[in-house]
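Data block below; observations after.
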Amino acid sequence: MNTQSPQTHCRLVLVTPPLDVENLPTARLTQALRGGDVASLILPQYQMDEATYETLLAQWTPIAQEKNVAVISSGELRFAKRQGLDGIHMVAGASEVRQFVEGQMDAMIVGATAGLTRHAALEMGEARPDYVLFGKFGGDTHANVHPKLAELAQWWAQMVE
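Those letters in the sequence shown? Residues 4 to 164, by the working numbering.
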């Protein structure tokens with residue numbers, strides 16, 4: 004029986020911008036992790052080659068996990084398994100996400116990109132990932148959220164529990 008009370012407050016999710024892996028600012032990561040109640044750190048692969056991405060994961064994962072922050076990759080599952088990550092973010096269709104979620108048996112955090120339409124977002128919600136992302140990594144370059152994405156996220160939150 005689970006005796007823990009449900010989470011009743013918001014926690015932070017940090018998503019890294021594209022990084023220069025040759026000169027990783029680990030001090031900035033440590034500072035960012037002290038910025039509030041950080042639940043997880045998502046490390047997108049962006050345009051990094053596999054070796055460079057693995058270097059990033061190998062250097063930053065222990066720093067975050069030492070502070071009880073879950074580390075999530077947006078690369079392939081093999082990166083997450085090799086580096087001992089806590090989860091993976093999938094950019095895939097709802098059926099593939101559903102299949103992956105069912106196969107994980109709560110072994111990993113699974114996140115997914117919601118899509119750009121109400122239909123796609125509903126299908127992704129039905130796939131039951133742990134979280135959904137409205138938009139794309141590196142796509143939000145303005146100070147304000149894109150109105151279409153904000154409207155979609157608000158509508159989705161009302162429709163999906």
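Yeah, the Cβ is synthetic: ideal placement off N, Cα and C, and Gly gets one too.
Bear in mind that the values here come from a model prediction, so they are computed numbers and not experimental data.
Query, Result
"For residue 127, three-class secondary structure by DSSP", "helix"
"Proximity winner among 149, 153, 119 and 99, relative to residue 132 (alpha-carbon distances)", "99"
"Residue 150 versus 163, 119, 134 and 127, residue with shortest Cα-Cα distance", "119"
"Beta-carbon gap between residue 221 and residue 47 smaller than 9 Å", "Only positions 4 to 164 of the chain appear in the structure, and residue 221 is not among them; the question remains open."
"DSSP bridge partner residues for residue 16 (one or two, in chain order)", "43"
"Residue 116, DSSP secondary structure in three states", "strand"
"Where residue 136 sits in the DSSP three-state scheme", "strand"
"Alpha helix (DSSP H) segment containing residue 106, residue limits", "97-107"
"Rounded separation between residue 124 and residue 94 - CA only", "13 Å"
"C-alpha gap between residue 162 and residue 148, whole angstroms", "21 Å"
"Through-space distance from residue 103 to residue 32, alpha-carbon basis", "30 Å"
"Beta carbon of residue 15 nearer than 9 Å to that of residue 59", "no"
"Test item: CB-CB of residue 135 and residue 110 under 9 Å", "no"
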